[in-house]
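See below for the structure under consideration.
Number of protein chains: 2
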Amino acid sequence: MSVQERKQRERAERERLIVATARELAEQQGWDAVTTRRLAERIEYSQPVLYSHFRGKREIIGAVALQGAAELATAVRTATSAADGTRARVAALARAYLDFAVRNPAVYDALFQLDGGLAYAQEDTPEPLKDAFAALLETLDEVTGEGVDPGLFTEVFWAALHGLATLTRAGRLLPEDAGPRVELLVDRLAVT
Amino acid sequence: MSVQERKQRERAERERLIVATARELAEQQGWDAVTTRRLAERIEYSQPVLYSHFRGKREIIGAVALQGAAELATAVRTATSAADGTRARVAALARAYLDFAVRNPAVYDALFQLDGGLAYAQEDTPEPLKDAFAALLETLDEVTGEGVDPGLFTEVFWAALHGLATLTRAGRLLPEDAGPRVELLVDRLAVT
DNA sequence: GAAGCGATCCTAGCACTGCTAGACAATCGA
DNA sequence: TCGATTGTCTAGCAGTGCTAGGATCGCTTC
Numbered sequence: 001m002s003v004q005e006r007k008q009r010e011r012a013e014r015e016r017l018i019v020a021t022a023r024e025l026a027e028q029q030g031w032d033a034v035t036t037r038r039l040a041e042r043i044e045y046s047q048p049v050l051y052s053h054f055r056g057k058r059e060i061i062g063a064v065a066l067q068g069a070a071e072l073a074t075a076v077r078t079a080t081s082a083a084d085g086t087r088a089r090v091a092a093l094a095r096a097y098l099d100f101a102v103r104n105p106a107v108y109d110a111l112f113q114l115d116g117g118l119a120y121a122q123e124d125t126p127e128p129l130k131d132a133f134a135a136l137l138e139t140l141d142e143v144t145g146e147g148v149d150p151g152l153f154t155e156v157f158w159a160a161l162h163g164l165a166t167l168t169r170a171g172r173l174l175p176e177d178a179g180p181r182v183e184l185l186v187d188r189l190a191v192t
Numbered sequence: 001m002s003v004q005e006r007k008q009r010e011r012a013e014r015e016r017l018i019v020a021t022a023r024e025l026a027e028q029q030g031w032d033a034v035t036t037r038r039l040a041e042r043i044e045y046s047q048p049v050l051y052s053h054f055r056g057k058r059e060i061i062g063a064v065a066l067q068g069a070a071e072l073a074t075a076v077r078t079a080t081s082a083a084d085g086t087r088a089r090v091a092a093l094a095r096a097y098l099d100f101a102v103r104n105p106a107v108y109d110a111l112f113q114l115d116g117g118l119a120y121a122q123e124d125t126p127e128p129l130k131d132a133f134a135a136l137l138e139t140l141d142e143v144t145g146e147g148v149d150p151g152l153f154t155e156v157f158w159a160a161l162h163g164l165a166t167l168t169r170a171g172r173l174l175p176e177d178a179g180p181r182v183e184l185l186v187d188r189l190a191v192t
């Protein structure tokens with residue numbers, strides 16, 4: 001049995017290598033540069049090997065997205081837990097979220113921009129995605145305000161952050177005023 | 001000279017046909033289905049003809065985007081001018097914007113999601129894009145609040161709308177609660 | 001230790017993409 | 001009517017995601 005176990009281990013290791021390499025390549029040169037040929041070459045296997053691990057490129061993007069969701073949740077929780085006071089916590093959340101988008105553009109794309117074949121806002125939504133949303137909700141729950149559903153409020157707040165992140169990165173908004181924009185958003189949306 | 005004029009007219013007409021066909025095809029089957037071959041076939045010319053009008057596919061997307069920007073501006077202005085009262089005007093703006101995104105997904109993508117080779121938030125930004133932003137600013141100026149730059153406020157409000165539009169359309173938010181989300185956004189962001 | 005068998009991987013190829021060079025034909029001015 | 005110019009098309013390039021089929025390797029059994 002140990003032979004099979006070793007093989008399984010090696011297979012899992014190679015799968016990790018594929019995802020890590022795809023992510024690395026995407027962060028370096030954008031997702032357009034992540035072709036199956038280039039990816040195969042980098043992991044030093046032939047193209048079809050990729051398809052023995054994933055159904056296709058889409059699923060590879062999905063794998064990167066799940067990894068990113070977990071990291072995003074961690075980043076948000078770390079930032080909020082280090083902040084004192086309600087207002088500061090929400091501001092920290094917003095900054096951490098936008099910071100993540102700036103620092104990991106390819107991962108952010110995989111999560112929210114590209115089609116990774118993942119289910120969102122449904123029962124069969126993968127746990128990391130649900131948890132990332134939960135990480136936002138934990139802090140935003142405090143500032144939802146009376147008579148408003150915390151889930152709904154979180155969605156709106158998240159959408160605003162997402163809008164800022166994507167429009168800035170696509171050159172639709174100049175990055176210079178990013179700071180004041182976040183301050184304005186927090187001051188207005190959050191009830192403290 | 002009239003011969004040349006006729007030719008110019010015919011050329012311009014064909015260019016309109018290309019843009020209109022690209023838009024139609026994109027709305028029907030998504031931008032992925034808009035290949036240069038399919039597009040050429042639909043306008044009943046060969047592929048290279050496209051390249052005598054546009055540098056490439058990107059520029060065709062850009063042309064659709066400019067068309068969309070003008071329509072978006074009109075839609076927003078029509079909606080706001082029909083509303084009575086500040087609060088109602090802002091709500092009408094938000095609904096008109098989101099409605100435009102839902103009704104013209106491909107055009108919305110061309111404007112804010114895809115690369116149409118256009119300059120945004122700069123001096124050489126095409127007029128229709130500037131004007132679409134101006135259409136938002138005209139109404140949002142009223143509810144900016146003291147001590148806040150109207151341009152900055154418009155950017156934030158716009159980003160929030162953009163976030164709602166894209167996340168909803170990408171399946172990240174369920175469309176059911178679209179109404180309450182807009183109400184919440186307007187109530188919180190706008191100072192009335 | 002050898003033989004057979006199954007899992008694993010690669011070569012080669014399909015149908016498609018955006019884009020372009022060069023041949024060809026139609027139209028214009030002289 | 002002739003030459004030149006403009007316009008259009010055919011054919012092809014390099015690249016894409018993905019897959020069928022054969023070859024090779026390593027494990028298991030005798």
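Residue numbers (the UniProt record's numbering), protein chains in the order written: chain H, 1 to 192; chain S, 1 to 192.
From the three backbone atoms N, C-alpha and C, an ideal C-beta is built for every residue, glycine too.
Since this is a predicted model, take the numbers as computed values, not measurements.
Taking 7 Å as the CB threshold, S:E155 lines the interface with chain H. C-alpha of H:A190 to C-alpha of H:V143: approximately 5 Å in a straight line. With distances taken between CA atoms, S:P150 lies nearest to H:P180 out of H:A88, H:P180, H:V102. Ranked by how close their Cα comes to the Cα of H:D99, the residues H:E44, H:E138, H:S46, H:E71 have H:E71 in first place. An exposed status is given to S:Y51, since fewer than 16 other beta-carbon atoms sit within 10 Å of its beta-carbon. Residues of chain H whose Cβ lies closer than 7 Å to the Cβ of S:V148 are, in chain order, L184. H:G117 has a beta carbon lying at 7 Å or more from every beta carbon in chain S. Inside the stretch 62-149 of chain S, DSSP marks no whole beta strand (DSSP E) run of 3 or more residues.
Within chain H, the C-beta atoms nearer than 7 Å to that of S:L164 come from A159, in chain order.
The Cβ atoms of H:H162 and S:G171 do not sit closer than 7 Å to each other. The C-alpha of H:Y97 lies about 9 Å from the C-alpha of H:A165. Between the C-alpha atoms of S:L39 and S:S46 there is a straight-line separation of about 9 Å.
For the pair S:A75 and S:V182, the CB atoms are not nearer than the 7 Å cut-off. Using a CB distance below 9 Å, no part of the UniProt domain "HTH tetR-type" (12-72) of chain H faces chain S. By the CB criterion at 7 Å, H:T78 and H:R89 fall outside the cutoff.
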